[in-house]
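Down below is the structure, laid out as structure tokens.
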Amino acid sequence: MCGIMALRRLLLLLFICQGFSRSQSEEQILLDMSASGSELGWLTTDDGWEIVQTVVNGTLFYSYSVCNIDSPEQDNWLRTTFIQRRPGISRVSVELRFVVRDCNTFDGASVACKETFNLYISEADADVGTNFRKGQFRKVATIASDEVTHGRVLKVNAETRTVEPLSRRGFYLAFQDMGACVALLSARVYYKTCPSTVQSLAEFPETVADALKEVEGVCVENAISPATPRNYCSADGEWVVPVGQCQCLAGYESTGDSCQACKPGYFKPSIQSKFCQVCPDNTKPSEAGATECQCEEGFYRSPSDPPTSPCSAPPSAPRDLSSSALSAEGRLQLSWSPPLVTGGRSDLTYSVVCEHCNGGQCVPCGDKIRFEPGPAGLQDTLVVVTDLDAHLNYTFTVEAHSGVSQFSTEKAAASLTTALDYTDPPKVTFIHLDDRSATSLALSWTLSRRPPAHINHRYELMYRRKDDDGERDVTTYTVLILEKNSVQIADLTPDTTYIVRVQVLGSEVNPGSHSVEHEFQTSPLAESQIQNKSTLVMGAVFGIMVILLVVVAVLLLRRRKMNLRGRGGAEDPYFSPDQLKPLKTYVDPHMYEDPNIAIQKFVTEIDPSAISKQKVIGVGEFGEVFRGVMKARGRAEVDVAIKTLKPGYSEKQRLDFLSEASIMGQFSHPNIIRLEGVVTKFKHIMIVTEYMDNGALDTYLKGRDGEIPPYQLVGMLRGIAAGMQYLSDMSYVHRDLAARNILVNSNLECKVSDFGLSRVLEDDDEGTYTTRGGKIPIRWTAPEAIAYRKFTSASDVWSFGIVMWEVMAFGERPYWDMSNHEVMKTINEAFRLPAPMDCPSAIYQLMLQCWQHDRSKRPRFLDIVNFLDKLLRSPESLKTIADFDPRVSIRLPSTSGCDGTVFRTVPEWLESIRMSQYSESFARAGITSMEQVLSLRHEDIRNIGVRLPGHLKRIAYSILGLKDETSSLSVFAV
């Protein structure tokens, strides 16, 4: 009893000195012990909890306490009244404030003294009154104090526990004391709600705070959103992660949490605009809620003007229109000043119309008159008119235009009538010899300018024999007066030179000047006869040659068909007749008895002093590969790649190493890696090629998903196909065409490389399949090449299809984690790789054509180049995307779980889709199970921290595939 008395005294001191208060919150109270006062009515067991009443400043405070520390095996219960559970609430919070006395402060303290008590709960559908049975309660928690009270200063503890799940109509709480000295000052039972709110112009209702819950909102009045706005109510009663935003309608602006109509004189043209704007110049005052301000009378907007632009008026006519003849004949310059009224627009242009008038009637000048720079769309106030006729009256009309000229009923034009009046007649600039014979000359001449249509010039032609001594005798001239600018002079002497000059006859005052003298010679008499005979002979010879050519062509065609029949059987049906071109043919270096002869024939020897190594960039089959520079005589310094042969090589290794150079040296194409030369007359043997800044294509593409547009990827594929067409035309088969063997320069140009491995294929057991004939890169090789080692240009086409897939999949490994045997099995069962994500349909269809099992049905590289060119000329053809099945690229059967579960953990799933970099982001967001992954939406993925478009698509498509219960995780059939 002394313990109880001491506890009561301490409680009185607590209430007097400190008072009792609690923080206000957005909580919905179900039970509040301090607010109930004397109406608590809690049920206690005998000799256990006691209610303590304390008066402070006239106010009663109630608490429950127990302090039976002297008797062992205490079991004291305190039960609340029936607490009604509100619909929709599955969990509540219990907040306790209490004081616990330190057991060590009691003199001769009992061993039964404790410093903890227990919290219990019992659910029921109705109030059972005083019917109390301990077995109906389940324990919620053991309540321990953070601080115990030693002396007169009380240490008040506060503890909050969550009780869930709740499903019945109500519940009781109970407190069990097992020997502590404790005072229960306050007990509150409550649940939290996210209060009704307006965020981003979206209204969200009051929502019970449970686990993180998505709540749909509604846009406020006069607001709209393309998607339903959503928000998340957290368990702490706070709104978090709003998704979507409402925007005020046109004519309304945001003012706090509502949309208000624009004031008179203001407008808002669209929902994208944020605030109302003052009506622009030359518009009528608007009414409230206006979406546009109408133009005043006489002012307009062009169709391309936005509603926010001021209205403008059409321009007035150009001013001060004048003309001036230029020094060149038939040319006139027109100039004018801008109009006084431009209407406030900056898009002013001019057009010029030409007419020529005669007797009051005007007709268009037609196409023979030209304008420099043109007759319309002029921005300068000057134009030059050419090819005008003299003595004609021309009327030029210059009109000013702007974006609103179409709304004006009057043309803003100025006119000018002028003429070109030449006082001098034109001059003869050149005399042409059109034909000649032994006794005649056919001549014509050109004038310095075109004569007017209404003036017919006459010409005076004078000619004479040229004396052998070169003396001139004017009395020997013969004069002809002509009406046209051509003449046939007859009765001349064979093999004789004549001097000719021509004058345009003008007026008597200004008769015009003579042309310079021209010399012409008649044909010799014998030559004329020979020419006639030779004409007959040549005609006969030509006829005979035509007959012979026809006969030879028929014979060659027949022979060609016979050759094709012999080639086109089971041996090689792939090549069609139009592929047999008389091109340079590839020569296999291994066909030479002495391979050194092939090296000397096809490869350029480089002075080793011209080569400078800089750094190692890789390791090849025979040695290290360096980046360096080459300074050749007469050429600028260029970057090169240098392949070296490691020391201690044998003669066979030396010849095998240089055989790649013997192959490359025969090629010259912009999409084939260029061989600069070799160094063989030095202890360090080297092969020097052009340097490709971006390295291998597969490595370059990895990590660039979404950065390179499809059009550019197709352009890269076109370059590879062009290089392979060149090799095919030379009858060269690559045998190891893959993205790893394509190099990329700084301009993203792709070049075929690695010709040495076309015989010695890669030694990676994962990438090759061993046969009696050697090793083959299974994932890139055609079925007939795997089965029968039948390598042709058609098998290279199959490999090109795999390269296309690698490029469109941004360097992903073909067939993913399938084994080589699985790859061969699926190919033989007519299955093919699926379309990569975002792959244009036209490109995927081309892949499928390249993967035809019958090699004769595969396209040629010429066909592939032509098809890719067609796509590049029509970029819109790349917008249609092939169907994408995310199940295939997620995980294949060989890597799925034995129990049928595709993925057991989130990191395993992310690793399978090459997105392991986001493992920590998913963990921080609390996404730790595949069930949570399946519930994610596009906005959730973005909120987790995935920002790159390509990565967003990959993860979203992967989730779609996981949701498909019928996921067979196999590849598509052709």
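Basically our numbering = 1-based index in the sequence shown + 651. Glycine is no exception: its CB is placed at the ideal position from the N, C-alpha and C atoms.
query	result
Coarse secondary structure for Ile1494, derived from DSSP in three states	helix
Leu1094 classed as buried or exposed, judged by whether at least 16 other C-beta atoms fall within 10 angstroms	buried
Sequence-distant residues of its chain with Cβ nearer than 6 Å to Thr793 (five each side left out)	Thr767 and Asn769
Cα-Cα separation, Leu1112 to Ile1132	6 Å
Start-end ranges of the beta strand (DSSP E) lying completely within the stretch 803-871, minimum 3 residues	807-814, 821-828, 833-845, 848-850, 853-855 and 864-867
Minimum C-alpha distance to Val717 - residue among Thr710, Glu724, Leu711 and Trp728	Trp728
Three CB pairs or more closer than 8 Å across the stretch 908-916 and the stretch 930-939	yes
Those residues which DSSP pairs with Lys1402 across a bridge	Leu1394
Residue-chain proximity (Arg1369, chain D), Cβ-Cβ < 9 Å	The structure shown contains no chain D; it is built from a single protein chain.
Where Glu701 sits in the DSSP three-state scheme	strand
Where Phe749 falls: helix, strand or coil (DSSP)	strand
Where the alpha helix (DSSP H) containing Thr1350 begins and where it ends	Leu1348 to Leu1352
Beta-ladder partner(s) of Cys946, from DSSP	Thr934
Rounded straight-line distance, which links the Cα of Ser1563 to that of Gly1596	19 Å
Alpha carbon of Ile1393 to alpha carbon of Arg1430, nearest angstrom	16 Å
Unbroken alpha helix (DSSP H) run spanning Gln923, endpoints	Neither: Gln923 is in no alpha helix (DSSP H) and is coded neither H nor E.
Presumed contact (8 Å Cβ cut-off) between Ile1371 and Cys1401, rounded CB distance	5 Å
Per-residue burial, Glu1050 [other beta carbons within 10 Å of its own, 16 or more giving buried]	buried
Pair within 9 Å by beta-carbon distance, Val859 and Gly940	no
Between the CA atoms of Lys1062 and Pro961 - distance to the nearest angstrom	22 Å
Nearest neighbour of Glu1134, chosen from Val1153, Tyr713 and Met1242 [CA to CA]	Val1153
Distance CB(Ala838)-CB(Ser773) smaller than 9 Å	no
Beta-carbon proximity check, Asp776 vs Arg819, cutoff 9 Å	yes
Cβ-based neighbour list, Phe1253, same chain, cut-off 6 Å, excluding 5 preceding and 5 following	Ser1313, Gly1316 and Gln1317
The stretch 1073-1093 / the stretch 985-1003 touching (three or more Cβ pairs under 8 Å)	no
Test item: CB-CB of Ser1053 and Asp998 under 9 Å	yes
Segment contact, 8 Å Cβ cut-off, at least three pairs: the stretch 969-983 with the stretch 924-931	no
Ile1478 burial status per 10 Å Cβ neighbour count (16 or more: buried)	buried
For His1472, the three-state DSSP class (helix, strand or coil)	helix
Exposure label - Tyr1110; buried when at least 16 CB within 10 Å	buried
Pairwise C-alpha distance: Glu854 and Gln898	13 Å
Three or more C-beta pairs below 8 Å linking the stretch 1509-1524 and the stretch 1352-1369	yes
Secondary structure of Asn727, DSSP reduced to three states	strand
Per-residue DSSP class, three states only, for Pro1015	strand
Assumed close pair Gly1279, Ile1257 - CB separation to whole angstroms, cut-off 8 Å	The Cβ separation is near 12 Å, so there is no contact.
Bounding residues of the alpha helix (DSSP H) (the contiguous stretch that carries Ser1310)	Glu1302 to Met1315
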